[in-house]
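Enquirer:
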Amino acid sequence: MDHTSTFERIVRGILIALVMIFFLFPIFWIVLMSFQTNETILRIPPSMVFEPTLSNYSALITGTLKTTAGNLDIAFMRNLGNSVLLSTASVALALILGVPAAYAFARFRFRLGEDIAFTLLSFRFAPPLLVLLPLTLYFKQLGLTNTYIGLIWVYQLICLPLILWIVRGYFEDISPDIEHAYRIAGNSWWQTFRKIAVPLAMPGIAAAGLLAFIFAWNNFIFALILASADKQPVTVGALAFVTASGIQYGQIAAAIVLSIAPTLALALYAQRYLVEGLSLGAVKG
Amino acid sequence: MPHIELAAVSKSFKTNKVLDDISLSADAGEIVVIFGPSGTGKTVLLRLIAGVEEPSSGEIRIDNQDMADVAPEHRDVGMAFQNFALFPHLNAFENIASPLRARAQGESQVKDGVARVAKLLKIDHVLGHAPRELSNGQKQRTALARALASSPKLLLLDDPLRNVDAKLRFEMRLELPRLLRQAKSTVLYVTQDYKEAMALADRIAVLAHGKFVQVATPQDIYRKPATLSVARLFGDPTINLAETTIGDDGTIALAGERLAVDPSYEAWAGRKVIFGVRPEAITVRQGNGTGLKAQVMAVTPLNERTVLLLQTAAGAELLASLPSSSTAIPKAESGVEVTFSLNGAHLFDHETGAALTGGSA
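Residue numbers (the working numbering), protein chains in the order written: chain A, 1 to 285; chain B, 286 to 646.
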């Protein structure tokens with residue numbers, strides 16, 4: 001099986017290392033930056049040797065940014081809280097709506113079924129800016145601008161199609177006979193859905209949920225336009241570090257580290273599910 | 286009063302008519318085997334009765350009650366699927382317990398119920414295993430146990446021995462009749478193995494092209510096949526068939542000779558027919574001048590019976606089956622004369638394949 005020569009293996013190792021450096025170096029550099037002051041970050045030439053400081057993190061956590069122009073209040077921790085709230089609530093709602101819908105698309109043939117499923121997927125094709133302008137107008141009239149409910153609703157454009165299409169593939173993979181057997185054994189349709197279909201599709205549901213969470217977490221444009229400071233997530237909140245007295249690189253770096261930490265932890269914890277879920281959804285969806 | 290009744294049931298998938306005007310009834314406690322080659326709609330028929338598919342037309346009645354609007358969970362049937370359809374995330378115990386739990390029984394009743402069928406099917410030692418840890422035979426028994434667990438009045442078994450190895454299939458063929466009698470259920474059993482059908486059935490319903498061609502006891506199916514296809518499906522080795530025309534004197538032309546088999550054949554004088562004779566209805570003698578002359582090409586002993594391959598002077602091949610204990614088994618390459626005994630000889634219409642003698646629909 002192993003036909004690779006030593007030379008090939010060395011070249012492969014070097015190439016893999018290059019790719020890893022390309023993708024991971026920025027993150028590594030940001031982690032370094034988050035422990036430096038603006039002065040050490042901006043020195044020329046840059047150096048990896050510096051006196052580490054926790055001032056960036058303490059500024060974020062206490063909410064007071066000390067700049068040369070005076071003290072500035074920043075709402076980073078509130079932004080972080082918003083991110084958690086918006087992403088979690090959006091994914092939860094998308095799961096409640098999307099899992100039964102995915103089951104219906106997988107199991108039942110109904111009029112316009114494929115068209116509806118495709119329309120839901122097409123939300124992922126449209127550039128968000130295209131829908132944002134009309135949405136702002138509607139949201140103003142409905143009184144939904146700058147509300148969590150409004151944002152969670154818009155986030156369904158991100159979460160729902162993802163969950164629907166990945167989970168659908170999983171449901172289609174379950175032999176209908178397994179569900180038939182459970183019904184014949186004396187259980188109702190709803191019990192069969194809960195006790196057989198959902199547990200068997202659980203890896204797919206978990207993967208789709210995590211992906212949706214990451215996509216929702218990383219969203220920037222919806223919250224930028226539709227919400228003001230007190231409802232905005234970290235992605236938008238980071239803009240506050242561009243201050244009158246200059247860009248606070250150290251704080252931005254610390255903010256990035258804090259804001260990627262939850263998704264990174266989730267992704268690492270569930271990466272087995274993620275890969276499985278994505279490939280399966282791709283083949284079967 | 287019949288326990289289950291199918292009245293003019295048809296089922297189509299889009300333009301494809303799978304079952305066409307099927308009628309069948311079974312009495313309580315009766316074992317009816319639905320037999321037919323694959324793709325004839327046997328499984329669909331069971332699914333209709335279980336309620337997981339709906340008939341396109343016709344009526345299914347259980348205990349004289351129309352099942353049209355009765356959900357599968359309220360039909361009190363047990364079903365074993367050909368692909369087992371075990372719940373992969375539940376262990377064998379929970380699989381078997383599922384019909385008992387659905388009937389809201391107490392924990393001790395569930396335990397007793399599972400223990401009872403598990404012991405009957407000899408799987409009590411693997412109850413803690415997940416389905417993927419079970420051998421095919423154990424999966425099959427678990428699926429059967431699940432169908433039997435709640436002692437349903439109607440059992441639907443969809444080719445349960447299809448996916449198990451030959452040894453287990455043989456054992457189960459011996460065991461199943463006892464198990465099924467013990468369950469006291471009405472049983473509809475689907476198979477495409479004629480030996481299984483003969484071993485288990487009170488009656489066999491032969492399904493072909495979406496219709497029942499014959500519904501009768503195993504003996505009648507074998508001795509009086511209603512059509513050529515039924516005659517061909519039952520029996521090992523299969524029935525010998527030859528196209529021929531009946532002469533004015535009731536003799537048939539076979540391998541260049543005219544043969545008088547049964548004087549009653551005169552009724553179909555001049556008609557093109559297919560003559561069939563069971564291998565065991567062939568008598569082989571060492572030449573006394575009365576029978577069809579043939580050469581023994583091969584002698585194959587198969588346990589209690591020995592199969593001979595014969596070739597007539599005109600080149601037609603015949604299979605004959607004799608008891609191995611018989612002293613009259615000829616040697617290979619020897620010349621013999623062949624006669625047919627009446628109860629294994631059949632005439633079928635050349636066009637329709639319908640039996641002209643003996644068979645009954």
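We put the CB at the ideal spot given by N, CA and C, even for glycine. Since this is a predicted model, take the numbers as computed values, not measurements.
#1: Using the Cβ count rule (16 or more neighbours within 10 Å means buried), how would you classify V49/A?
#2: Of all Cβ atoms in chain B, is any one closer than 9 angstroms to the Cβ of S175/A?
#3: Starting from the Cα of F241/A, find the closest Cα among I74/A, S58/A and P26/A and give me that residue.
#4: CA-CA distance, D173/A and G209/A?
#5: Can you pull the chain A residues whose beta carbon is under 8 angstroms from the beta carbon of P322/B, in chain order?
#6: Using a Cβ distance threshold of 8 angstroms, determine whether the region 163–172 of chain A contacts the region 198–207 of chain A, with at least three qualifying pairs required.
#7: Could you give the DSSP three-state label for H494/B: helix, strand or coil?
#8: Using a beta-carbon distance below 9 angstroms, is S645/B in contact with chain A?
#9: Would the beta-carbon of I221/A fall within 9 angstroms of that of L132/A?
#10: Take A282/A and list the residues in its own chain whose beta-carbon comes closer than 7 angstroms to its own, dropping the five residues that flank it on each side.
#11: Applying the criterion that 16 or more other CB atoms from any shown protein chain within 10 Å of the CB defines a buried residue, is E528/B buried or exposed?
#12: DSSP three-state call for D177/A: helix, strand or coil?
#13: Compute the Euclidean distance between the alpha carbons of L224/A and A365/B, then round it to the nearest angstrom.
#14: Please give me, in chain order, every unbroken run of the alpha helix (DSSP H) with length at least 4 that falls completely inside the region 172–260 of chain A.
#15: Between H180/A and P357/B, is the Cβ-Cβ spacing less than 9 angstroms?
#16: Return the Cβ separation of F378/B and V355/B in integer angstroms, given the expectation that the two are a contact with Cβ distance under 8 angstroms.
#17: Roughly how many angstroms separate the alpha carbons of N218/A and L32/A, rounded to a whole number?
#18: Give me the DSSP bridge partner(s) of V562/B.
#19: Just to confirm, are F519/B and Y474/B a CB contact at a threshold of 9 angstroms?
#20: Roughly how many whole angstroms lie between the Cα atoms of N349/B and E338/B?
#21: Compute the distance between the beta-carbons of L603/B and T597/B, then report whether it is under 9 angstroms.
#22: Does the beta carbon of E358/B come closer than 9 angstroms to any beta carbon on chain A?
#23: By the 7 angstroms beta-carbon criterion, what residues does the region 156–184 of chain A contribute toward chain B?
#24: Please report how far the alpha carbon of L526/B lies from the alpha carbon of V562/B, in whole angstroms.
#25: Is G285/A close to chain B, meaning its C-beta is less than 9 angstroms from at least one C-beta of that chain?
#26: Tell me the rounded alpha-carbon separation between I256/A and P262/A.
#27: Measure the alpha-carbon distance for D351/B versus R401/B and round it to whole angstroms.
#28: Just tell me which of A353/B, G336/B, S341/B and P287/B has its CA closest to the CA of T300/B.
#29: Rounding to the nearest angstrom, what Cα-Cα distance links L333/B and D444/B in this structure?
#30: Would W153/A count as contacting chain B if we go by Cβ distances under 9 angstroms?
Expert: According to the data block:
#1: Your numbering for residue 49/A matches position 49 in the first sequence. Its Cβ having fewer than 16 others within 10 Å, V49/A is exposed.
#2: Indexing the first sequence from 1 puts residue 175/A at position 175. S175/A counts as touching chain B.
#3: Counting from one through the first sequence, the residue named residue 241/A turns up at place 241. The shortest C-alpha separation from F241/A is found at I74/A.
#4: Numbered from 1 along the first sequence, position 173 holds the residue referred to as residue 173/A. Numbered from 1 along the first sequence, position 209 holds the residue referred to as residue 209/A. Distance between the alpha carbons of D173/A and G209/A: 18 angstroms.
#5: Here residue 322/B is taken as the residue at index 37 of the second sequence, counted from 1. By Cβ distance, chain A contributes nothing, its closest Cβ being about 21 angstroms from P322/B, past 8 angstroms.
#6: yes
#7: Along the second sequence, one-based indexing puts residue 494/B at 209. Note: H494/B maps to coil in three-state DSSP.
#8: For the purposes of this step, residue 645/B is identified with residue 360 of the second sequence, where counting begins at 1. Low confidence applies to S645/B: its pLDDT is 38, below 50, so where it sits in the model is not reliable enough to give any reading.
#9: Translated into positions along the first sequence, residue 221/A becomes position 221. Translated into positions along the first sequence, residue 132/A becomes position 132. Yes, the pair counts as a contact, with Cβ atoms nearer than the cut-off.
#10: Here residue 282/A is taken as the residue at index 282 of the first sequence, counted from 1. Model confidence at A282/A stands at a pLDDT of 39, short of 50, so the residue's coordinates are unreliable; what they give is reported in the following sentence. Closer than 7 angstroms at the Cβ level, and outside the excluded window around A282/A, lies no residue.
#11: Here residue 528/B is taken as the residue at index 243 of the second sequence, counted from 1. Exposed, by the Cβ-count rule.
#12: In the first sequence, residue 177/A corresponds to position 177, counting from 1. In this structure, D177/A counts as helix in the three-state DSSP scheme.
#13: Against the first sequence, residue 224/A aligns to sequence position 224. Against the second sequence, residue 365/B aligns to sequence position 80. Cα-Cα distance, rounded: 58 angstroms.
#14: DSSP runs (the alpha helix (DSSP H)) wholly in the region 172–260 of chain A: 176–184, 189–192, 202–218, 221–226 and 234–237.
#15: Here the question's residue 180/A lines up with position 180 in the first sequence. Here the question's residue 357/B lines up with position 72 in the second sequence. It is a contact, given that the beta carbons lie within the stated cut-off.
#16: On the second sequence, position 93 is the one that residue 378/B refers to. On the second sequence, position 70 is the one that residue 355/B refers to. Actually they are not in contact, since the Cβ atoms of F378/B and V355/B sit about 29 angstroms apart, beyond 8 angstroms.
#17: Stepping through the first sequence from its first residue, residue 218/A is reached at position 218. Stepping through the first sequence from its first residue, residue 32/A is reached at position 32. If I take the Cα positions, the gap works out to 22 angstroms.
#18: Here residue 562/B refers to the residue found at position 277 of the second sequence. N525/B and A630/B, per the DSSP bridge assignment.
#19: As a first step, residue 519/B must be located in the second sequence, where it is residue number 234. As a first step, residue 474/B must be located in the second sequence, where it is residue number 189. In this structure, Y474/B does not lie closer than 9 angstroms to F519/B by Cβ.
#20: Sequence index remark: in the second sequence, residue 349/B carries index 64 (1-based). Sequence index remark: in the second sequence, residue 338/B carries index 53 (1-based). Their Cα atoms are separated by approximately 20 angstroms.
#21: On the second sequence, residue 603/B is found 318 positions in, with the first residue counted as 1. On the second sequence, residue 597/B is found 312 positions in, with the first residue counted as 1. Yes.
#22: Taking the first residue of the second sequence as position 1, residue 358/B is located at position 73. True, the Cβ-Cβ gap to chain A drops below 9 angstroms.
#23: Interface annotation for the region 156–184 of chain A against chain B: S175, D177, I178, H180, A181, Y182, R183 and I184, criterion Cβ-Cβ distance under 7 angstroms.
#24: If you number the second sequence from 1, residue 526/B lands on position 241. If you number the second sequence from 1, residue 562/B lands on position 277. Rounded to the nearest angstrom, the two C-alpha atoms are 7 angstroms apart.
#25: Here residue 285/A corresponds to residue number 285 of the first sequence, with the count starting at 1. Annotation note: pLDDT 31 at G285/A (below 50); position unreliable, coordinate value reported separately. False, the Cβ-Cβ gap to chain B never drops below 9 angstroms.
#26: As a working note, residue 256/A is residue 256 in the first sequence. As a working note, residue 262/A is residue 262 in the first sequence. Using only the alpha carbons, I get a separation of about 11 angstroms.
#27: As a position in the second sequence, residue 351/B is number 66, starting the count at 1. As a position in the second sequence, residue 401/B is number 116, starting the count at 1. The straight-line gap from Cα to Cα measures roughly 32 angstroms.
#28: Within the second sequence, residue 300/B is the residue found at index 15, counting from 1. Taking the Cα of T300/B as reference, the smallest distance to any Cα among A353/B, G336/B, S341/B and P287/B is reached at S341/B.
#29: Taking the first residue of the second sequence as 1, we reach residue 333/B at position 48. Taking the first residue of the second sequence as 1, we reach residue 444/B at position 159. When rounded, the distance between both Cα atoms is 16 angstroms.
#30: Counting from 1 along the first sequence, the entry for residue 153/A is found at position 153. By this cut-off, W153/A is not an interface position.
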